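Asks:
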Amino acid sequence: MSDTKDTIVALATPAGSGGLAIVRVSGTEALSIASRLFRGARLTASESHRAHHGWILDADGRDVDEVLALVLRAPRSYTGEDTVEISCHGSPHVVDEIVAATVQAGARLAEPGEFTRRAFLNGKLDLCQAEAVADLIAAHTRASHRAALEQLRGRLSDRLRDVRDALVALLADVEASIDFVEEGIEFFGRDVARRRGMEASEHIDALLATADEGVLLRSGIRVSLAGAPNVGKSSLFNRIVQSPRSIVTEHAGTTRDVVGETLRLGGILMALEDTAGLRDVGGDPIEEIGIERSRQSHRDADLVIHVIDATSFGASAGVGGNGRVVALNKVDLLVDEMRERVMESEDAARTFLAAGGIEVPDAAAVCAVSAATGAGVDALLDALVRAVQTSRLTLQQDALVAINQRHREALVRAQSALDQFACDVEHEEPPEILAADLRGAVVTLGEISGEAVTEEILDSIFSRFCIGK
Amino acid sequence: MQYDVVVVGAGHAGCEAALAPARMGLRTAVLTLRRDRIAYMPCNPAIGGLGKGHLVREIDALGGQMARAIDAAGIQFRMLNRSKGPAVWSPRAQADKALYSRVMRQVLEQQENLDIVEASATDLIVEPRPGGGQRVCAVRTSDGAEIATRAVVLTTGTFLRGLMHMGRDQLRGGRSGEPATAALSDTLRRLGFELGRLKTGTPPRLLRDSIAFERFDEQPGDDPPRPFSHTTEKLEIEQVSCWLAETTPEVHALIRDNLHRAPMYNGQIGGTGPRYCPSIEDKVVRFAERERHHLFLEPEGRTSPEIYVNGLSTSLPRDVQRDVVRRIPGLEEAVIARYGYAVEYDFVPSGQVCDTLETRLVEGLFLAGQINGTSGYEEAAAQGLVAGINAAARRLDLPPLVLQRAEAYVGVLVDDLVRLTLEEPYRMFTSRAEFRLSLRIDNADDRLMPYAERYGLLRGEMRRVRDRNRKQLARLQELLRVRVGAADVAALAKRTGASVASGPLPVDKLLRTPGIRARHVSTVVPEMRQAHPEVLRKLEVQVRYSGYIRRQERQVEAARRLEERRLPHDIRYPEIFGLSTEAAQKLERMRPRTLGQASRIDGVRAADVSLLLVHLERHRRSQTRAVP
Ligand SMILES: Cc1cc2nc3c(=O)[nH]c(=O)nc-3n(C[C@H](O)[C@H](O)[C@H](O)COP(=O)(O)OP(=O)(O)OC[C@H]3O[C@@H](n4cnc5c(N)ncnc54)[C@H](O)[C@@H]3O)c2cc1C
Ligand SMILES: Nc1nc2c(ncn2[C@@H]2O[C@H](COP(=O)(O)OP(=O)(O)O)[C@@H](O)[C@H]2O)c(=O)[nH]1
Ligand SMILES: [Mg+2]
Chain D
0 MSDTKDTIVA LATPAGSGGL AIVRVSGTEA LSIASRLFRG ARLTASESHR
50 AHHGWILDAD GRDVDEVLAL VLRAPRSYTG EDTVEISCHG SPHVVDEIVA
100 ATVQAGARLA EPGEFTRRAF LNGKLDLCQA EAVADLIAAH TRASHRAALE
150 QLRGRLSDRL RDVRDALVAL LADVEASIDF VEEGIEFFGR DVARRRGMEA
200 SEHIDALLAT ADEGVLLRSG IRVSLAGAPN VGKSSLFNRI VQSPRSIVTE
250 HAGTTRDVVG ETLRLGGILM ALEDTAGLRD VGGDPIEEIG IERSRQSHRD
300 ADLVIHVIDA TSFGASAGVG GNGRVVALNK VDLLVDEMRE RVMESEDAAR
350 TFLAAGGIEV PDAAAVCAVS AATGAGVDAL LDALVRAVQT SRLTLQQDAL
400 VAINQRHREA LVRAQSALDQ FACDVEHEEP PEILAADLRG AVVTLGEISG
450 EAVTEEILDS IFSRFCIGK
Chain H
0 MQYDVVVVGA GHAGCEAALA PARMGLRTAV LTLRRDRIAY MPCNPAIGGL
50 GKGHLVREID ALGGQMARAI DAAGIQFRML NRSKGPAVWS PRAQADKALY
100 SRVMRQVLEQ QENLDIVEAS ATDLIVEPRP GGGQRVCAVR TSDGAEIATR
150 AVVLTTGTFL RGLMHMGRDQ LRGGRSGEPA TAALSDTLRR LGFELGRLKT
200 GTPPRLLRDS IAFERFDEQP GDDPPRPFSH TTEKLEIEQV SCWLAETTPE
250 VHALIRDNLH RAPMYNGQIG GTGPRYCPSI EDKVVRFAER ERHHLFLEPE
300 GRTSPEIYVN GLSTSLPRDV QRDVVRRIPG LEEAVIARYG YAVEYDFVPS
350 GQVCDTLETR LVEGLFLAGQ INGTSGYEEA AAQGLVAGIN AAARRLDLPP
400 LVLQRAEAYV GVLVDDLVRL TLEEPYRMFT SRAEFRLSLR IDNADDRLMP
450 YAERYGLLRG EMRRVRDRNR KQLARLQELL RVRVGAADVA ALAKRTGASV
500 ASGPLPVDKL LRTPGIRARH VSTVVPEMRQ AHPEVLRKLE VQVRYSGYIR
550 RQERQVEAAR RLEERRLPHD IRYPEIFGLS TEAAQKLERM RPRTLGQASR
600 IDGVRAADVS LLLVHLERHR RSQTRAVP
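One line per chain: the protein sequences are D and H, in this order.
0 is the number of the first residue of the first sequence in numbering that gives the first Met the number 0; add one for each residue after it.
0 is the number of the first residue of the second sequence in numbering that gives the first Met the number 0; add one for each residue after it.
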């Protein structure tokens with residue numbers, strides 16, 4: 000991990016995004032470093048939240064750009080540290096020069112996400128918000144972007160906090176009925192408890208309903224290559240992965256197993272998996288395992304590309320399941336006329352398959368390709384993106400929030416604690432049991448945004464009940 | 000004069016702190032301002048209550064005295080929360096104050112190795128400690144004597160710069176009738192301690208003969224009364240009653256009209272009072288919508304002429320107290336025997352003692368009781384016992400007594416004191432114990448007697464009771480599988496009105512049936528009748544809670560793992576990359592011993608704990624790499 004004692008600098012606005020750019024300098028030395036390259040007011044003497052007009056100079060004292068320097072003193076800045084935000088002209092050249100000058104003056108280039116990490120560590124963001132930012136930086140994909148932004152605005156945090164607050168209040172009532180019997184007040188009605196437990200439960204359900212999409216966006220959409228052995232799945236896999244359009248971000252897997260790469264295509268993260276062929280193999284246990292894995296991969300996949308060998312339909316299994324895209328491969332081996340026809344028109348490709356006895360559902364796209372030459376691969380990628388966009392996998396315009404895997408697990412655990420609570424209320428279990436259930440739920444939800452419990456419960460009790468001798 | 004351990008103060012903390020080392024064979028002295036005020040109860044005449052009753056049971060299992068003293072001096076016993084589950088049952092008793100004090104004084108006087116010294120401690124003498132820091136070497140008293148010792152336990156209660164308030168009147172004093180101690184506050188400051196200020200109050204006492212008791216609801220004791228101590232077989236006493244009274248809107252109006260004369264509201268008092276024990280003026284202001292507040296009239300003793308008005312704590316001037324009391328229905332003729340007052344005092348805010356209750360600044364100096372920011376006799380006694388045992392353990396080279404939160408309320412209490420920033424006097428609640436279902440009064444012996452044994456505090460009768468309970472419980476557990484015949488099951492169902500399946504059933508199953516108690520089952524399983532009723536109850540609770548306790552065990556396990564990650568004692572928090580400033584400051588101040596403790600310090604967040612983990616891991620790796 001890098002050092003937080005350093006003062007860091009980086010472009011704070013998206014690269015190449017038009018007229019203005021902001022270069023952010025943050026850290027204990029931010030003001031003195033910025034003032035060294037700034038001609039204008041003395042920044043070190045400036046109040047917080049004051050903008051100063053002036054010029055940025057390079058190491059040789061030449062003017063680089065006319066800028067506004069905004070001074071934000073700790074802790075009232077994004078990172079919680081002393082910060083100077085330099086608004087300059089958006090040209091990449093200017094930005095580079097300003098950043099270079101700042102580094103010359105003693106700052107260090109920020110690592111990706113470092114501003115946000117500092118903000119989090121300085122208590123400016125809660126865990127949820129920080130995770131959203133981390134996702135944002137990691138994903139950098141368009142669809143994910145919106146969900147991540149939503150989360151950043153704290154909607155998930157707000158929702159979670161609402162649910163958690165409601166549960167803390169309920170727990171406080173239960174606890175009060177245990178710890179303050181001497182007050183002679185019965186705080187706690189079972190019907191009310193049941194209702195309030197159910198309300199919280201419903202809220203969690205609603206959050207969980209958005210979770211599937213959230214997980215999809217974070218880990219990418221799973222795309223699996225299916226088809227008989229030797230139809231060209233692995234060759235196609237390599238083609239796609241090497242296509243300049245798919246930006247490959249990760250590598251994993253071994254030969255007989257599932258091989259996977261994560262790629263970014265049309266703003267969507269995709270986990271593309273190559274699998275062993277589907278065929279009954281006599282007795283080779285390793286192959287057997289490989290095939291079982293591929294079956295699993297197809298079942299788990301959000302999208303399957305069925306690969307069919309244009310020169311030999313015989314071995315092809317039916318096209319069904321989640322398959323939305325059919326790749327008619329090895330078209331380079333067809334006679335020229337036939338190749339041109341299937342490559343030009345999807346209908347022709349369908350007829351070609353139908354003639355060979357292969358029915359393709361209307362919903363599925365058919366693309367003629369050659370893994371060997373790369374012909375048709377671009378069209379296949381377009382078809383993939385379209386398939387994702389038209390499926391339920393697309394993020395709705397008004398999707399509430401996206402939830403990452405950890406949130407999801409926490410919510411599921413909270414939900415099961417509430418189920419237990421409902422069950423225990425039903426069986427008229429005593430309040431200390433109900434309290435244990437609720438505390439489980441509250442602690443779990445607290446993990447999402449990291450807070451402690453007991454003092455909170457006591458605060459809630461004391462603020463609402465008149466307790467004491 | 001020279002002692003192994005010197006305890007300053009003979010309040011509830013001081014008594015336990017003095018008895019434990021003496022019983023462990025060390026020469027011990029206890030200093031008190033007045034011998035006739037040993038274990039005195041300056042506030043309500045009761046021991047126990049929710050959470051507090053649990054503490055008393057635990058003190059007993061650890062070899063302390065409080066449970067036995069209240070068994071001897073109690074005049075009314077009640078088990079609170081009987082309608083709820085056994086984890087939150089908690090004993091409470093009205094005490095005969097004078098008798099309680101006498102009983103405890105006798106125990107102290109008869110204790111071998113223990114001297115009672117009637118003197119005021121005025122100073123602590125320290126010397127440089129080999130290897131850095133300072134260590135205690137003597138206590139100086141008001142008569143000029145120096146008592147040499149290597150271990151001192153300070154339990155001075157509300158006496159440090161105590162200031163009593165009643166209306167406009169202010170009086171220096173630790174409590175009514177006793178002088179304050181300013182000298183020790185100065186000593187502590189000189190030694191480098193930071194002091195804070197808290198306040199607490201007490202209600203007026205009324206003359207018994209001036210009260211129209213027939214106008215109040217009577218609150219009798221349980222029949223039969225259940226004792227606190229594991230070793231008290233039976234309580235054979237005649238119990239007295241308490242009475243339930245109420246305030247009225249007129250009373251509240253009167254208080255509101257006189258708020259400007261209340262020290263709490265005119266700025267005269269700076270210290271913070273407890274929210275759970277608000278003064279009547281507090282209640283009227285903060286809960287303006289309430290038309291009535293409960294009051295309990297509790298006798299101060301079997302024959303004492305005074306009645307304590309629980310719920311009417313106040314520091315209003317005398318004339319207002321008089322008027323307020325007389326507007327309460329049933330108290331129109333009441334005569335105030337002693338007026339209520341508030342007291343402000345110095346305490347030593349958290350972070351300055353570690354989990355053995357020894358101070359970080361001065362080796363051999365321990366703090367226990369109100370001086371640590373708690374209130375309550377039971378909280379004080381529990382700390383006194385821990386500090387006493389640890390002061391002795393240090394002399395005897397035994398491992399210190401540090402109880403985990405999953406083990407005991409005493410553990411919860413000490414852990415809270417070490418890590419919480421107190422804004423009001425601390426008192427125990429069952430909700431502070433996250434492992435409440437396992438910390439019950441019925442299993443205090445199983446949980447804590449092993450520790451008593453480790454320190455040689457498992458004496459005579461205690462050992463016999465423990466052995467009996469163990470043996471009988473093991474036998475009962477075997478009986479759980481015994482099948483009860485169909486006819487007996489039917490008879491049980493009829494007698495208890497519980498709904499049970501017909502046909503033969505194992506004991507285990509019967510005990511899980513709502514409405515059927517172990518004593519019912521024992522009528523048809525004769526062997527069960529040989530067990531002591533306490534042991535039968537243990538069995539019953541074990542069976543009923545087993546499912547929940549299994550569920551909780553996973554959490555206990557997770558907590559234990561964090562507890563096992565020790566933080567190096569030389570760790571420098573401000574230098575750890577990325578810790579929030581607040582966390583770094585708090586950690587530097589509190590210096591937790593384990594990651595578990597660190598995670599519970601307020602202001603330390605999940606992210607900080609992860610960073611600490613990373614730091615520990617790096618530290619560990621760099622160390623293993625250093626080894627060729
Ligand atoms: C007015 C008042 C109201 C209270 N109200 C409540 C309440 O509402 N609820 C509640 O839970 N608790 C209340 N308490 C607190 C309760 O009494 C204490 O929490 C408990 O007694 C603390 O025990 P302790 O052992 O720490 O100190 P204490 O019981 O106060 O004992 C202190 C001992 O130290 C001795 N001492 C002090 N200074 C010296 C010295 N320099 N040299 C030698 N001996 C010294 C004293 O003689 C005394 O024996 C109240 C106390 C007072 C005074
Ligand atoms: N001519 C030609 N050969 C191909 C094409 N795709 C795959 N092949 C060949 O077909 C054989 C099997 O390919 P492979 O990718 O291993 O198929 P898989 O078993 O489905 O993974 C290999 O010899 C490839 O070179 C293609 O588009 N055109
Ligand atoms: Mg292959």
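Ideal placement from N, C-alpha and C gives every residue a C-beta, glycine not left out.
Predicted model, so just to flag it, every value in this text is computed and none were measured.
Using three-state DSSP, classify G161/H as helix, strand or coil.
Replies: coil
Asks: Residues in the stretch 79-102 of chain H with C-beta within 7 Å of chain D's C-beta atoms, listed in sequence order?
Replies: L79, N80, K83, G84, A86, V87
Asks: Are any of the Cβ atoms in chain D nearer than 8 Å to that of R435/H?
Replies: yes
Asks: Report the three-state DSSP secondary structure of L400/H (helix, strand or coil).
Replies: coil
Asks: Counting only beta-carbon atoms, is L611/H nearer than 8 Å to chain D?
Replies: The Cβ of L611/H sits no closer than 8 Å to any Cβ of chain D.
Asks: Ignoring anything shorter than 3 residues, give me the beta strand (DSSP E) runs that lie fully in the stretch 137-213 of chain H, in order along the chain.
Replies: 145-147, 150-153, 162-165, 168-171, 195-201, 204-206
Asks: Relative to the C-alpha of V98/D, which residue among G39/D, T82/D, R23/D is closest?
Replies: Closest option to V98/D, Cα to Cα, is R23/D.
Asks: Return the bridge partner residues of H52/D from the DSSP annotation.
Replies: L67/D
Asks: Assuming Y307/H contacts P513/H (C-beta within less than 8 Å), just tell me the rounded distance between them.
Replies: No, Y307/H and P513/H are not in contact; Cβ-Cβ is about 39 Å, not under 8 Å.
Asks: Using three-state DSSP, classify E477/H as helix, strand or coil.
Replies: Helix at E477/H.
Asks: Whose CB is closer than 6 Å to a heavy atom of ligand 2? List the residues in chain order.
Replies: G226/D, P228/D, N229/D, V230/D, G231/D, K232/D, S233/D, S234/D, G276/D, N328/D, K329/D, D331/D, L332/D, S369/D, A370/D, A371/D
Asks: For P430/D, return the contacting residues in chain H, with the cut-off set at a CB-CB distance below 7 Å.
Replies: K83
Asks: For R33/H, which option in A9/H, F434/H, L402/H, F158/H has the closest C-alpha, if you only look at C-alpha atoms?
Replies: A9/H
Asks: Suppose you measure from the CA of D178/D to the CA of S598/H; what does that come to, to the nearest Å?
Replies: 25 Å
Asks: What is the DSSP secondary structure of L509/H, reduced to helix, strand or coil?
Replies: In this structure, L509/H counts as helix in the three-state DSSP scheme.
Asks: Ligand 5 heavy atoms versus the CB of T355/H: any closer than 7 Å?
Replies: Although ligand 5 was asked about, the structure shown includes only ligand 1, ligand 2 and ligand 3 as ligands.
Asks: Mind reading off the beta-carbon distance from L54/H to A381/H? Whole number of angstroms is fine, and I expect it under 8 Å.
Replies: 5 Å
Asks: Taking 7 Å as the cut-off, does the CB of L183/H come closer than this to any heavy atom belonging to ligand 1?
Replies: yes
Asks: Please classify D227/D as buried or exposed, where buried requires at least 16 neighbouring CB atoms within 10 angstroms.
Replies: The displayed chain sequence assigns Ala, not Asp, to residue 227/D. A227/D comes out buried.
Asks: Since L380/D contacts S242/D with CB under 8 Å, what's their CB separation in whole angstroms?
Replies: 7 Å
Asks: Quick check: is any heavy atom of ligand 1 less than 7 Å from the C-beta of G73/H?
Replies: No, the beta carbon of G73/H sits no closer than 7 Å to any heavy atom of ligand 1.
Asks: A16/H and G383/H: beta carbons closer than 8 Å?
Replies: yes
Asks: Is any beta-carbon of chain D found at less than 8 Å from that of G50/H?
Replies: yes
Asks: Is there at least one non-hydrogen atom of ligand 1 closer than 7 Å to the beta-carbon of G375/H?
Replies: yes
Asks: Count the CB pairs spanning the stretch 370-378 of chain H and the stretch 408-421 of chain H that are closer than 8 Å, and state whether there are at least three.
Replies: yes
Asks: Under 7 Å from any heavy atom of ligand 1, does the C-beta of Y340/H make it?
Replies: yes
Asks: To the nearest angstrom, how far is the alpha carbon of D397/D from that of E201/D?
Replies: Caution is warranted here: a pLDDT of 25 is assigned to D397/D, below 50, making its placement in the model unreliable, and no coordinate value can be reported.
Asks: When the Cα atoms are used, what is the spatial distance from C366/D to R338/D?
Replies: 12 Å
Asks: Beta carbons nearer than 8 Å to chain C: which residues of the stretch 419-434 of chain H have them?
Replies: This model lacks chain C altogether, as its protein chains are D and H.
Asks: Going along the chain, which residues of the stretch 333-344 of chain H sit with their C-beta nearer than 9 Å to a C-beta in chain D?
Replies: Shown here is that no member of the stretch 333-344 of chain H has a Cβ falling below 9 Å from a Cβ of chain D.
Asks: Compute the Euclidean distance between the alpha carbons of A225/D and T274/D, then round it to the nearest angstrom.
Replies: One C-alpha to the other measures close to 7 Å.
Asks: Give me the Cα-Cα distance between L509/H and R438/D, rounded to the nearest whole angstrom.
Replies: 30 Å
Asks: Cβ closer than 8 Å: which chain H residues qualify as neighbours of V180/D?
Replies: Within chain H, the residues near V180/D are L49, L79, N80.
Asks: Which same chain residues, not among the five before or five after A370/D, have their C-beta less than 6 Å away from its C-beta?
Replies: Result list for A370/D: G231, S234, L235, R238, N328, in chain order.
Asks: Determine the DSSP secondary structure at R394/H, reduced to helix, strand or coil.
Replies: helix
Asks: Just checking H11/H against ligand 1 - is the residue's beta carbon closer than 7 Å to any of the ligand's heavy atoms?
Replies: yes
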